[in-house]
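Participant: In my numbering, the protein residues as written are 5 to 77. Ideal Cβ positions, reconstructed from N, Cα and C, are used throughout, including at glycine.
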Amino acid sequence: VIAARRPGDDAVFYASRETFWVGHLCNHWTAEVLNAGGLPMPIARSLTSGAVMRAARTAERRAAELDLGVAGD
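The following block contains the structure:
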């Protein structure tokens, strides 16, 4: 449910039961969801989008390394 729109651009704000505070930003939410989905994420260190993306790329590389088996395994 869209709670508000920011005039002049495409930004929208959604209704939530969560409250905003600087210790729980969107990067934390993203890391928590990725972690819940099985992607290893350093939630406590997910202060920036760069930290989340670095962890995602690292997980992607590790998964690719595990997926180098012979076809038909």
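Which complete alpha helix (DSSP H) runs does the stretch 12 to 70 hold, if anything under 4 residues is left out?
Facilitator: Qualifying alpha helix (DSSP H) stretches, in chain order: 30 to 40 and 53 to 70.
Participant: Taking the alpha-carbon positions, what's the residue 54 to residue 70 distance?
Facilitator: Using only the alpha carbons, I get a separation of about 24 Å.
Participant: Rounded to whole angstroms, what is the Cα-Cα separation between residue 36 and residue 28?
Facilitator: About 10 Å.
Participant: Is the beta carbon of residue 34 sitting closer than 7 Å to the one on residue 56?
Facilitator: Cβ distance < 7 Å, so residue 34 and residue 56 count as in contact.
Participant: Rank 39, 52 and 6 by C-alpha distance to the C-alpha of residue 19 and give the top, closest one.
Facilitator: For the residues 39, 52 and 6, the minimum Cα distance to residue 19 belongs to 6.
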